[in-house]
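Okay, structure first, notes after.
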Amino acid sequence: MFDNKSVLITGGTGSFGKRFIEHVLKNYKPKKLIVYSRDELKQFEMQQVYKDPCMRYFIGDVRDKDRLKGAMREVDYVVHAAALKQVPAAEYNPNECIKTNIFGAQNVIDAAIEANVSRVIALSTDKAANPVNLYGATKLVSDKLFVAANNISGAKGPRFAVVRYGNVVGSRGSVVPFYRQLMAQGVKVLPVTHAEMTRFWITLDDGVDFVIKNFQRMQGGEIFIPKIPSIRILDIVESMCGSREHEIVGIRPGEKLHEVMVPEEMAHLSLEFSDHFVIAPAIIFFEKNINYKKNKMGEVGKPVADKFEYHSGTNPHFLTVAELQQLDKDTL
132 MFDNKSVLIT
142 GGTGSFGKRF
152 IEHVLKNYKP
162 KKLIVYSRDE
172 LKQFEMQQVY
182 KDPCMRYFIG
192 DVRDKDRLKG
202 AMREVDYVVH
212 AAALKQVPAA
222 EYNPNECIKT
232 NIFGAQNVID
242 AAIEANVSRV
252 IALSTDKAAN
262 PVNLYGATKL
272 VSDKLFVAAN
282 NISGAKGPRF
292 AVVRYGNVVG
302 SRGSVVPFYR
312 QLMAQGVKVL
322 PVTHAEMTRF
332 WITLDDGVDF
342 VIKNFQRMQG
352 GEIFIPKIPS
362 IRILDIVESM
372 CGSREHEIVG
382 IRPGEKLHEV
392 MVPEEMAHLS
402 LEFSDHFVIA
412 PAIIFFEKNI
422 NYKKNKMGEV
432 GKPVADKFEY
442 HSGTNPHFLT
452 VAELQQLDKD
462 TL
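According to the numbering used here, the sequence shown is numbered sequentially starting from 132.
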């Protein structure tokens with residue numbers, strides 16, 4: 132779908148952005164593939180690896196609406212991946228998190244509407260569902276903005292959707308690279324915030340594939356949620372160390388014991404498909420008769436049960452220690 136099209140990704144120098152670019156270059160022939168980010172060093176390093184003639188590197192911050200408007204001229208598809216994501220940092224620097232994750236989101240929407248791009252997908256997080264930390268709260272606001280943007284853009288404007296998923300295996304700032312670093316330093320007992328902690332778990336490749344497929348599925352206004360496994364933190368420790376010996380250090384500021392991707396309060400708007408869920412919008416858009424039960428790919432979903440909740444602690448699919456070890460090998 133990206134053949135001879137122009138694609139822009141905000142926060143394109145991050146873990147997701149790099150893998151997204153690899154996937155697009157491998158499987159499509161885009162007209163332009165634009166990395167939009169604020170870090171010139173990371174862009175310089177990327178330019179040494181991704182040298183395809185279609186590549187473009189734009190220095191810019193999502194806080195800068197004028198720069199975004201210039202970058203989006205003649206762009207067809209946008210992936211909005213830029214965000215301040217570290218939970219403790221957001222707790223200590225709330226204003227900065229709000230400027231990027233909320234005001235930046237609105238800037239992306241305004242620039243996309245003005246440039247009349249075709250489709251926009253914003254990346255979200257399980258922390259946006261029933262948030263207890265500032266990062267999750269800002270991403271919930273961002274999700275609401277992108278859903279409502281379909282109403283602002285009108286029948287002939289861009290279509291906006293959201294992809295929400297859990298922890299990405301091996302991404303910067305996640306627990307696995309942190310544990311690897313500690314083990315390389317000779318640490319024998321790994322720190323654990325809480326022994327009962329669970330998380331949703333997804334690989335970068337699966338995350339990228341899911342986002343691209345949702346460009347094909349989307350009608351506008353959906354929150355797409357993949358069906359993915361959960362992990363127990365002590366299983367991670369055992370998979371890496373061979374034992375479950377650990378040191379409890381306490382839950383960090385703003386951290387949850389478990390995560391939710393479909394809250395019970397949204398069950399009445401939620402649909403289950405074969406490999407994903409969709410939270411349909413609560414508001415009516417440009418077209419009153421959108422049937423979210425059947426997407427643009429012809430896949431058919433069904434309403435979830437009353438009081439349904441997609442919860443990392445009650446997820447029917449947990450990875451075993453052996454599966455985690457194999458996944459660790461595959462993602463190195």
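Here a beta-carbon is modelled for each residue, glycine too, at the ideal position from N, C-alpha and C.
For Met-392, there is no enclosing alpha helix (DSSP H); the residue is found in the beta strand (DSSP E) stretching over 391-393.
At the C-beta level, Ile-252 and Val-342 come within 8 Å of one another.
Straight-line spacing of the CA atoms in Val-210 and Val-293 works out to 10 Å. Closest in C-alpha terms to Gln-179, from the list Lys-149, Leu-388, Pro-262 and Asp-366, comes Lys-149.
Of the candidates Asn-264, Pro-184, Ser-168 and Lys-173, Asn-264 places its Cα closest to the Cα of Pro-384.
Taking a contact as a CB-CB distance under 8 Å, the pair Lys-287 and Tyr-208 does not count as one, their CB atoms being some 17 Å apart. Per the Cβ contact rule, the segment 379-396 is in contact with the segment 438-446 (3 or more Cβ pairs under 8 Å). Secondary structure of Val-307 (DSSP, three-state): helix. In the three-state reduction of the DSSP assignment, Pro-384 falls in the coil class. Put simply, the backbone Cα of Phe-133 is about 6 Å away from that of Tyr-159. Going by beta carbons, Lys-163 and Arg-187 fall inside the 8 Å limit. DSSP, reduced to helix, strand and coil, places Phe-439 outside both helices and strands of the structure shown, so it counts as coil. DSSP, read as helix, strand or coil, puts Leu-402 in strand.
For Ile-379, DSSP records a beta bridge to Val-323.
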